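One structure is given here, and the rest of the page talks about it.
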Amino acid sequence: MEYKEGKLENVQLNIIEPPRFFEKLLVDKPGEDAPRISERICGVCPVAHHLAAVKAIEDAWNVKPPEPAVLLRKLLYAGQFIQSHALHLSVFALPDYFLRLQEKNLIGLYKRDPKLVKVAIALQEYGANLKEAIGGRAIHPVAAIPGGMSKPLTVATKRRLLKNYEEIFKNTIKLADIYFEIFSKRETFVKGFPPTKTFYLAITRNGNFETYDGPVKVVNSNGEVEFEFQPEEYLSYIAEKTVKHSYVKYPFLKKFGYPNGLYRVGPLARFNVAETISTPKAREYWLKLQETFGKPIHHPLIYNLARVVELIHAVELSKELLLNDKITSGRIRREATPKEGSGVGIVEAPRGTLIHHYVTDKDGIITRANLIVATCQNVPTIEYGIRVMAEELKPAILRGKTKEAQWKFEVLVRAYDPCISCATHLVEIRVK
Amino acid sequence: MKRIVTIGLAGDAGCHVALVNLHKKFLKLLRSVKILHSYILVDEKEIPNEIDLALIEGAVRTSHNEAVVKEVREKSKCVIAFGSCACFGGIASLCNILDLNDLLDYVYQHTDSTVEGVIPFENLPKVQEKVRPISDIVKVDYMIPGCPPIPEEIATIVQAILLGLKPELPRKNVCDECKKKRLGITPKVIKRVTSKPDAKQCLLEQGYLCLGPATRAGCKAPCPNYNMPCEGCRGPLETVPDQGLAMLDALSALTEKFAHEYSPTVHLGTFHRYTFASSFLAKMLRSR
Numbered sequence: 001m002e003y004k005e006g007k008l009e010n011v012q013l014n015i016i017e018p019p020r021f022f023e024k025l026l027v028d029k030p031g032e033d034a035p036r037i038s039e040r041i042c043g044v045c046p047v048a049h050h051l052a053a054v055k056a057i058e059d060a061w062n063v064k065p066p067e068p069a070v071l072l073r074k075l076l077y078a079g080q081f082i083q084s085h086a087l088h089l090s091v092f093a094l095p096d097y098f099l100r101l102q103e104k105n106l107i108g109l110y111k112r113d114p115k116l117v118k119v120a121i122a123l124q125e126y127g128a129n130l131k132e133a134i135g136g137r138a139i140h141p142v143a144a145i146p147g148g149m150s151k152p153l154t155v156a157t158k159r160r161l162l163k164n165y166e167e168i169f170k171n172t173i174k175l176a177d178i179y180f181e182i183f184s185k186r187e188t189f190v191k192g193f194p195p196t197k198t199f200y201l202a203i204t205r206n207g208n209f210e211t212y213d214g215p216v217k218v219v220n221s222n223g224e225v226e227f228e229f230q231p232e233e234y235l236s237y238i239a240e241k242t243v244k245h246s247y248v249k250y251p252f253l254k255k256f257g258y259p260n261g262l263y264r265v266g267p268l269a270r271f272n273v274a275e276t277i278s279t280p281k282a283r284e285y286w287l288k289l290q291e292t293f294g295k296p297i298h299h300p301l302i303y304n305l306a307r308v309v310e311l312i313h314a315v316e317l318s319k320e321l322l323l324n325d326k327i328t329s330g331r332i333r334r335e336a337t338p339k340e341g342s343g344v345g346i347v348e349a350p351r352g353t354l355i356h357h358y359v360t361d362k363d364g365i366i367t368r369a370n371l372i373v374a375t376c377q378n379v380p381t382i383e384y385g386i387r388v389m390a391e392e393l394k395p396a397i398l399r400g401k402t403k404e405a406q407w408k409f410e411v412l413v414r415a416y417d418p419c420i421s422c423a424t425h426l427v428e429i430r431v432k
Numbered sequence: 433m434k435r436i437v438t439i440g441l442a443g444d445a446g447c448h449v450a451l452v453n454l455h456k457k458f459l460k461l462l463r464s465v466k467i468l469h470s471y472i473l474v475d476e477k478e479i480p481n482e483i484d485l486a487l488i489e490g491a492v493r494t495s496h497n498e499a500v501v502k503e504v505r506e507k508s509k510c511v512i513a514f515g516s517c518a519c520f521g522g523i524a525s526l527c528n529i530l531d532l533n534d535l536l537d538y539v540y541q542h543t544d545s546t547v548e549g550v551i552p553f554e555n556l557p558k559v560q561e562k563v564r565p566i567s568d569i570v571k572v573d574y575m576i577p578g579c580p581p582i583p584e585e586i587a588t589i590v591q592a593i594l595l596g597l598k599p600e601l602p603r604k605n606v607c608d609e610c611k612k613k614r615l616g617i618t619p620k621v622i623k624r625v626t627s628k629p630d631a632k633q634c635l636l637e638q639g640y641l642c643l644g645p646a647t648r649a650g651c652k653a654p655c656p657n658y659n660m661p662c663e664g665c666r667g668p669l670e671t672v673p674d675q676g677l678a679m680l681d682a683l684s685a686l687t688e689k690f691a692h693e694y695s696p697t698v699h700l701g702t703f704h705r706y707t708f709a710s711s712f713l714a715k716m717l718r719s720r
């Protein structure tokens, strides 16, 4: 951001992450390789790409996985949500809320409260163990294949995974309570970040919170439903604009154009779009969130509380799935036939709605790929929020208090949990 | 206390997540070293001086990546290429077969949902013509390959270096660690993984393109164990100069028919998925 002669001149969110051109890289590759290639987009939430890709190819080749395979995928995905959310809530975001912390990072937090960090690490370990057991590898799993899954879950592995469940669950609630307590004590701080009114987009099924599959719903800033569409219709509703100053593209809702059609995805959007969440403890905290902050909620920092609710849900869901008799079934794969087609796969990634679209030729080789990844969809709103805050913080910045301002901008960005939160030189303030 | 930095270039942070996946051992590591600057763990912006050990994840894709690698090298006693992107260029280097302008043009102007706009240029580091492993830019002291590397291996190598020892990578290939049965038969047809393999028998013998023979061991063969072919993410052994060509050569010797089925565009990602930037094949194509 640039201030010139007392005025805010320019705000740019420069995403300098090197483009890796996956949309082009996937072209000419066999469709069945898409789940293993595209997951290299993100090492923090590979399962989201793994599943969006496999669903898209299944859609293109018209093959449906058997029910036990879908259950295994949902369990794999629960592991992903647990690991990603636990990692974000502890390593990335939590240090921000201990305001007197000298070093506002994991190491500072660890020095102050080693027990808390241990709890978070144990949670993320449980998530990683689920991923490894179902997907074959804790990072970049291999098991989802067009038509189903490549290996069944054994009863012995299932028992091992359930072994420490009670402690895992207890720790989840502990972490949740820490967050809810901090947020109730620091209401002024939380509400000090500009509430941006946008549309919200998420998949949902019959009003329920959903991550693996379902139609996409969009609500406006009053919480009213604008439209609902099926995955294969996404191009009629979403478009992307490219900008000169960033390597990410700026998605928006076609109906409203840019920038009126700015929308957000991720935990806050899922909370605003869905009516309820299926598991009991998560529902309790969902209602608590609703009672405290109303609905829809626009405050960006509440992303973290919505994330806490989702973490509880994923932990509860993992148990529910592990106790399902069909989870150890051997009927997990149908043979897929590579052929000509076009398919769309949409999932809710930990960071928001993720869209994969592939077109294949008669041999099932990819001829076109289009990906709209979770983080990109929040970037235009993050930039807008930074602009609003840059105006609000102007007096302080012009008085030379840039360091504190810089940290506040970073807290705002981190609330969204983008894959870019860690980029060096995140905030540069120029005063002329 | 040893001074450590961890860096993220063109990659996906998976190597850093692998580090966190040491779980309790990760916390132990945090107590025994000083992490001064890190891609995800510490929000210190500047790269400090007098670094004992630098872990660099990701390949070099932009001018910014190149500047960072050079700065880290200058300030560090020991530089580790952390993960297959840093070691060999990684998966993003499959794009090296294409022209940069075509890549930018397709991704920023011609995907199905892109409706308007420009190819980004303002206040951004320049995208370079090709993806390069960090060893193309600076001297690398050690490699920890893998997409991502195995957490235990990271811990062992880092600890050994901190103690002044010279760690070595496994000298076997993935087949040596694979539990599937080999009958010594030759594949008659090449199969795609859309068909279901026999879970007990060697995938390659059944005709699936498994890169186990050309790939460095150390992972305990999780992919074949899950009935999916090894895609070679740990790269080749030192004795094998080009992982993909070695595999192709072996296959052609086994089945004459495959030589006719090989398609450079379709199979580039099969044989050189993680190593194209550092392969002989890339060099040959460049010099043409």
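One line per chain: the protein sequences are A and B, in this order. With the first letter of the first sequence counted as 1, position 427 gets the number 427 in the working numbering; the numbers rise by one all the way through. Convert by adding 432 to the 1-based position in the second sequence; the result is the number in the working numbering. Positions of the beta carbon are idealized from the N, C-alpha and C atoms, including for glycine. Remember, it's a predicted structure, so these values are computed and weren't measured experimentally.
Going by the beta-carbon positions, is the gap between A120/A and L89/A smaller than 8 angstroms?
-> To locate residue 120/A, count along the first sequence from 1; it is residue 120. To locate residue 89/A, count along the first sequence from 1; it is residue 89. Yes, the pair counts as a contact, with Cβ atoms nearer than the cut-off.
Considering only residues of the stretch 335-411 of chain A, which uninterrupted alpha helix (DSSP H) runs meet the minimum length of 4 residues and lie entirely inside it, listed in chain order?
-> Those alpha helix (DSSP H) runs which fall completely within the stretch 335-411 of chain A and span 4+ residues are 374-392 and 394-398.
List the endpoints of the continuous beta strand (DSSP E) containing T546/B.
-> Position 114 of the second sequence, counting from 1, holds the residue named residue 546/B. Its beta strand (DSSP E) spans residues T546 to E548.
Please determine, among L253/A, E228/A and V373/A, the residue with the shortest C-alpha to C-alpha distance to R40/A.
-> The residue given as residue 40/A occupies position 40 in the first sequence. Residue V373/A is the option with its Cα nearest to R40/A.
Between I483/B and the rest of its own chain, which residues show a CB-CB distance below 6 angstroms, the 5 nearest in sequence each way excluded?
-> The residue you call residue 483/B lines up with position 51 of the second sequence. Excluding positions up to five away in sequence, the list reads R435, V437, K507 and S508.
The stretch 222-248 of chain A: which residues have C-beta closer than 7 angstroms to a C-beta of chain B, in chain order?
-> Those would be L235, I238, A239, E240, K241, T242, V243, K244, H245, S246 and Y247, in chain order.
Between the stretch 263-276 of chain A and chain B, which residues of the former have CB atoms less than 9 angstroms from a CB of the latter, in chain order?
-> The residues in question: there are none.
Would you call the CB atoms of A709/B and R505/B closer than 8 angstroms?
-> Sequence index remark: in the second sequence, residue 709/B carries index 277 (1-based). Sequence index remark: in the second sequence, residue 505/B carries index 73 (1-based). In this structure, R505/B does not lie closer than 8 angstroms to A709/B by Cβ.
Reference N533/B, options P696/B, V559/B, L526/B and V452/B, closest by Cα | Mapped onto the second sequence, residue 533/B falls at position 101. Checked all of P696/B, V559/B, L526/B and V452/B; the closest Cα to N533/B is V559/B.
Pull up the distance between the alpha-carbon of A631/B and that of Q638/B, whole angstroms please.
-> Your numbering for residue 631/B matches position 199 in the second sequence. Your numbering for residue 638/B matches position 206 in the second sequence. Rounded to the nearest whole angstrom, the CA to CA distance from A631/B to Q638/B is 10 angstroms.
Flag this pair as yes or no: are the beta carbons of C655/B and G223/A separated by less than 8 angstroms?
-> What you label residue 655/B is simply residue 223 of the second sequence in a count that begins at 1. What you label residue 223/A is simply residue 223 of the first sequence in a count that begins at 1. Between C655/B and G223/A, the C-beta spacing is not below 8 angstroms.
Beta-carbon of I488/B versus every beta-carbon of chain A: anything under 8 angstroms?
-> Position 56 of the second sequence, counting from 1, holds the residue named residue 488/B. Chain A, which has no Cβ nearer than 8 angstroms to the Cβ of I488/B, makes this no.
Could you name the residues that DSSP lists as bridge partners for I238/A?
-> One-based indexing of the first sequence puts residue 238/A at position 238. Partner(s): L253/A.
Identify whether C662/B lies in helix, strand or coil by the three-state DSSP scheme.
-> Counting from 1 along the second sequence, the entry for residue 662/B is found at position 230. Here DSSP, grouped into helix, strand and coil, assigns C662/B to coil.
Where the stretch 671-693 of chain B meets chain A: residues whose CB sits under 8 angstroms from a CB there | Among the residues of the stretch 671-693 of chain B, none has a Cβ less than 8 angstroms away from any Cβ of chain A.
Taking the alpha helix (DSSP H) that L485/B falls in, what are its first and last residues?
-> Taking the second sequence and counting its residues from 1, the one referred to as residue 485/B is at position 53. L485/B -> not in any alpha helix (DSSP H); beta strand (DSSP E) instead, spanning I483 to E489.
Assign L201/A to one of two classes, buried (16 or more other C-beta atoms within 10 Å of its C-beta) or exposed (fewer than that).
-> Numbered from 1 along the first sequence, position 201 holds the residue referred to as residue 201/A. Counting of Cβ neighbours within 10 angstroms places L201/A among the buried residues, the total reaching 16 or more.
Where do the N-terminal and C-terminal ends of the alpha helix (DSSP H) with N438/A fall, by residue?
-> The shown model of chain A, from 1 to 432, leaves out residue 438/A, and the question about it has no answer.
Which one of K191/A, A282/A, R186/A and N272/A has the shortest CA to CA distance from F199/A?
-> For the purposes of this step, residue 199/A is taken as the residue at position 199 of the first sequence. Here the closest residue by C-alpha is N272/A.
What span of residues does the beta strand (DSSP E) with H50/A cover, start to end?
-> Working through the first sequence from its first residue, we reach residue 50/A at position 50. Per DSSP, H50/A lies in no beta strand (DSSP E) segment; the continuous alpha helix (DSSP H) that holds it begins and ends at P46 to W61.
Continuous alpha helix (DSSP H) assignments of at least 4 residues falling wholly in the stretch 514-591 of chain B = Fully enclosed alpha helix (DSSP H) runs of 4 or longer: 516-520 and 532-541.
Name the two residues that bound the continuous alpha helix (DSSP H) containing T157/A.
-> Along the first sequence, read from residue 1 onward, the residue named residue 157/A stands at position 157. V155 to L162 is the extent of the alpha helix (DSSP H) around T157/A.
Using a Cβ-Cβ distance under 8 angstroms, would G436/A count as near chain B?
-> Residue 436/A lies beyond the residue range present for chain A, which begins at 1 and ends at 432; the question has no answer from this structure.
Can a CB atom of chain B be found closer than 8 angstroms to the CB of C42/A?
-> Sequence index remark: in the first sequence, residue 42/A carries index 42 (1-based). Between C42/A and chain B, the shortest Cβ-Cβ separation is below 8 angstroms.
Interface residues of the stretch 16-29 of chain A facing chain B [CB-CB below 9 angstroms] = Taking 9 angstroms as the Cβ-Cβ cut-off against chain B, the residues of the stretch 16-29 of chain A that qualify are I16, E17, P18, P19, R20, F21, F22, E23, K24, L25, L26, V27, D28 and K29.
Between L253/A, T196/A, A282/A and R399/A, which lies nearest to L216/A when the distance is taken from Cα to Cα?
-> Taking the first residue of the first sequence as position 1, residue 216/A is located at position 216. Reading off the sequence shown, one finds Val at residue 216/A, where the question assumed Leu. It is L253/A.
For the stretch 144-156 of chain A, enumerate the residues whose C-beta is nearer than 8 angstroms to any C-beta of chain B, in chain order.
-> Cβ contacts with chain B: I145, P146, G147, S150 and K151.
7 angstroms Cβ cut-off: residues of chain A touching I622/B = Here residue 622/B is taken as the residue at index 190 of the second sequence, counted from 1. I622/B does not reach chain A, its nearest Cβ partner there being about 12 angstroms away, counting only Cβ pairs nearer than 7 angstroms.
In the stretch 122-134 of chain A, which residues sit with their C-beta less than 9 angstroms from some C-beta in chain B, listed in chain order?
-> Residues A122, Q124, E125, A128 and E132.
Mapping DSSP to helix, strand and coil, what is F209/A?
-> Along the first sequence, one-based indexing puts residue 209/A at 209. Of the three classes helix, strand and coil, the one that applies to F209/A here is strand, per DSSP.
Three or more C-beta pairs closer than 8 angstroms, one from the stretch 247-263 of chain A and one from the stretch 156-170 of chain A: is that the case here?
-> Between the stretch 247-263 of chain A and the stretch 156-170 of chain A, the count of C-beta pairs closer than 8 angstroms stays below three; the two stretches do not touch.
Identify whether S508/B lies in helix, strand or coil by the three-state DSSP scheme.
-> Here residue 508/B refers to the residue found at position 76 when the second sequence is read from its first residue. It is a strand residue.
May I have the straight-line CA-CA distance separating D581/B from E291/A, to the nearest angstrom?
-> For the purposes of this step, residue 581/B is taken as residue 149 along the second sequence, with counting starting at 1. For the purposes of this step, residue 291/A is taken as residue 291 along the first sequence, with counting starting at 1. For the record, residue 581/B in the displayed sequence is Pro; it is not Asp. Each residue's alpha carbon lies about 45 angstroms from the other.
Roughly how many angstroms lie between the CA atoms of K74/A and L321/A, to the nearest whole one?
-> Taking the first residue of the first sequence as 1, we reach residue 74/A at position 74. Taking the first residue of the first sequence as 1, we reach residue 321/A at position 321. Whole-angstrom Cα-Cα distance: 8 angstroms.
Nearest-angstrom beta carbon gap, E32/A and R624/B [assumed within contact, 8 angstroms] = Locating residue 624/B in the second sequence gives position 192, counting from the first residue. Locating residue 32/A in the first sequence gives position 32, counting from the first residue. With a Cβ gap of about 6 angstroms, R624/B and E32/A count as contacting.
Going by beta carbon distance, what residues of the same chain come within less than 7 angstroms of F22/A, once the five residues before and after it are set aside?
-> Residue 22/A sits at position 22 when you count from the first residue of the first sequence. Contacts found: S38, I41 and L371.
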